[in-house]
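Below you'll find the structure, written out as structure tokens, and then a few comments.
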Amino acid sequence: GQQVMQIPQYQHVQEGEDFTTYCNSSTTLSNIQWYKQRPGGHPVFLIQLVKSGEVKKQKRLTFQFGEAKKNSSLHITATQTTDVGTYFCAGILGDMRFGAGTRLTVKP
Amino acid sequence: NAGVTQTPKFQVLKTGQSMTLQCAQDMNHEYMSWYRQDPGMGLRLIHYSVGAGITDQGEVPNGYNVSRSTTEDFPLRLLSAAPSQTSVYFCASSPGHTQPQHFGDGTRLSIL
Chain A
2 GQQVMQIPQY QHVQEGEDFT TYCNSSTTLS NIQWYKQRPG GHPVFLIQLV KSGEVKKQKR
62 LTFQFGEAKK NSSLHITATQ TTDVGTYFCA GILGDMRFGA GTRLTVKP
Chain B
2 NAGVTQTPKF QVLKTGQSMT LQCAQDMNHE YMSWYRQDPG MGLRLIHYSV GAGITDQGEV
62 PNGYNVSRST TEDFPLRLLS AAPSQTSVYF CASSPGHTQP QHFGDGTRLS IL
């Protein structure tokens, strides 16, 4: 079936380094959502992008939606230990499809 | 301010047993859904409901049943548990199917 692909699967960074995760669909998405899941926790909604080329910022997090509405990215500037967790993108392909997630670990 | 409540938090079953995972939300959300989360595979949609009396299959529905008799409750039934159903199960709700979802704390289920 149709999928939302997300890379990388894992990312280990030194505190203070930047981090980016990418999400890609073969089909145009009506919108894309990003969630964060802390270890042992449940996914928590971060943001939703709807418009082609949209860019939204939340403090050190920058979210982008591609012009063709088929890809998206989440960029974290100057990571902190509190950023640790798995970041998921999700889009509607008939029903809701989540990417496999990118697990971020941060070394102090 | 409960949000989405899932019970139980942990469960161990034997192969062939049946059980129901409970999910309740107090936000008057129309859309509710069940996901399973396995290592490296993200969240996969099992079943969803766009309102009371309406349910539909997601990506991985086999072996699971759901019903939605009220807006608040959306139980997930395992008819005959199999080891392949060992997973963490999350219930989620949202005002509509395109809107951000609120997740419960999850049920960690092991099938022996």
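Listed in order, the protein sequences are those of chains A and B.
Heads up: take any position in the first sequence, counting from 1, add 1, and you land on our numbering.
Heads up: take any position in the second sequence, counting from 1, add 1, and you land on our numbering.
Ideal Cβ placement from N, Cα and C applies to all residues, glycine included.
{"query": "Those residues which DSSP pairs with V85(A) across a bridge", "result": "DSSP, once it has assigned bridges, lists no residue as partnering V85(A)."}
{"query": "Any C-beta of chain A under 9 Å from that of E60(B)", "result": "yes"}
{"query": "Straight-line Cα distance separating S31(A) from V51(A)", "result": "7 Å"}
{"query": "DSSP three-state assignment for I102(B), whether helix, strand or coil", "result": "Checking the sequence shown, residue 102(B) turns out to be Gln, not Ile. Residue state, collapsed to three classes: coil."}
{"query": "One or two residues paired with F99(A) in a DSSP bridge", "result": "A91(A)"}
{"query": "Rounded Cβ spacing between Q7(B) and C24(B) (contact assumed at less than 8 Å)", "result": "5 Å"}
{"query": "C-beta contact flag for Q102(B) and P44(A) at 9 Å", "result": "yes"}
{"query": "Members of the stretch 24-35 of chain B that neighbour chain A once the beta carbon cut-off is set at 8 Å", "result": "S34"}
{"query": "Nearest residue (CA-CA) to S19(B), options V61(B), S50(B), S70(B) and P84(B)", "result": "P84(B)"}
{"query": "Bridge partner(s) assigned by DSSP for H76(A)", "result": "T21(A) and T63(A)"}
{"query": "Under 9 Å from the C-beta of N72(A): neighbouring residues of chain B", "result": "The contacting residues do not exist; N72(A) stays about 17 Å from chain B at best."}
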